[in-house]
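Scroll down for the structure; my scribbles are underneath it.
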Amino acid sequence: MHRCLHSNEFGCALRCPGGCCLHVYFGNVALALKPHELAPWLDTVHNLYNGYALESAQEPDMRRISLRSPVDNLTLLFSLNELMWLNDLLTSSKLLLEVEQILEDS
């Protein structure tokens, strides 16, 4: 059974029973991330949010921030608010996974 690590009004992050990946559901998108893929995704989303925070603050619900996909011909569009919630999902999940690892190692 999947275990919810974190959820907010935009989606949720679930951990696979075997711990092989993290399932992130946000908006209409589902993403399965291997443990080593979480940090790069978080960095990309965090940098994108910081880069557009001031520019998009006047219209935080307009979808005009694009996140390129590693797949050709696919780009994800976000509003500033959506990107903020995605950043929250990824950041909280990363922190909770790190805490789990610390507890397992001790």
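For the sequence shown, the working numbering assigns the number 22 to the initial residue and increments by one for each residue that follows.
Even glycine gets a Cβ: it sits at the ideal position worked out from N, Cα and C.
Integer-rounded CB distance, given that A74 should sit under 8 Å from K115: Their Cβ separation, rounded to whole angstroms, is 20 Å, which puts K115 and A74 out of contact at 8 Å.
With distances taken between CB atoms, is the gap from L43 to L54 smaller than 9 Å? yes
Spatial neighbours of P24 in its chain, beta-carbon cut-off 8 Å, leaving aside the 5 residues before and after: Reading off the sequence shown, one finds Arg at residue 24, where the question assumed Pro. Here the set comprises L35, R36, P38.
Leaving out five residues before and five after M22 in sequence, what residues of the same chain have Cβ atoms less than 7 Å from its Cβ? P38
Select from G40, S77, E119 the residue whose C-alpha is nearest the C-alpha of M105. S77
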